[in-house]
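Per our numbering, the sequence shown starts with residue 79, numbered consecutively. The structure under discussion appears below in the form of structure tokens.
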Amino acid sequence: YQFTRQQRLLKSSEYKSVFDQPCKSSDRYLTVLAKANARDYARLGLAITKKRVKLAVARNRLKRLTRESFRHHSLCLAGLDCVVLAKSGVAQVNNRTLLRSLAKHWQYLSRRCKKS
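Here is the structure:
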């Protein structure tokens with residue numbers, strides 16, 4: 079399973095459409111925004127900034143875990159564009175907690191945001 083180019087949000091206009099009218103899921107580590115798209119597959123955008131996660135190693139770990147979690151849940155997210163935003167302090171959280179948090183976000187958004 080690869081994270082292909084078609085599964086990514088690439089253009090600023092694609093990010094803007096998600097930010098304009100999002101379906102939102104949030105906890106103490108992450109905020110995930112989603113919006114229904116006209117496709118039969120899910121797309122992911124990452125907005126994990128240096129302001130929130132200082133070290134490049136931690137940013138890359140967070141991105142890698144997010145992509146992997148998205149890949150596992152992409153079937154239930156089909157038809158959604160998702161953007162993941164990091165909150166301060168997320169770098170200190172272990173991998174298991176992050177994956178659990180992401181799974182809850184994906185489940186919530188798949189129920190709430192489909193074609194709404």
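Backbone N, C-alpha and C define an ideal beta-carbon position, used for all residues, glycine too.
C-alpha distance - residue i paired with residue j, whole-angstrom precision
i           : j           : result
residue 134 : residue 85  : 23 Å
residue 108 : residue 189 : 18 Å
residue 128 : residue 153 : 30 Å
residue 169 : residue 110 : 17 Å
residue 148 : residue 125 : 14 Å
residue 94  : residue 191 : 17 Å
residue 115 : residue 96  : 9 Å
Residue i, DSSP secondary structure in three states
i           : result
residue 190 : helix
residue 130 : coil
residue 114 : strand
residue 177 : helix
residue 143 : helix
residue 106 : coil
Run of the alpha helix (DSSP H) containing residue i, from where it starts to where it stops
i          : result
residue 98 : 90–98
Terminal residues of the beta strand (DSSP E) in which residue i lies
i           : result
residue 162 : 158–164
residue 123 : 121–125
Beta-carbon spacing of residue i, residue j below 8 Å
i           : j           : result
residue 160 : residue 187 : yes
residue 140 : residue 87  : no
residue 112 : residue 163 : no
residue 173 : residue 143 : yes
residue 98  : residue 179 : no
residue 182 : residue 130 : no
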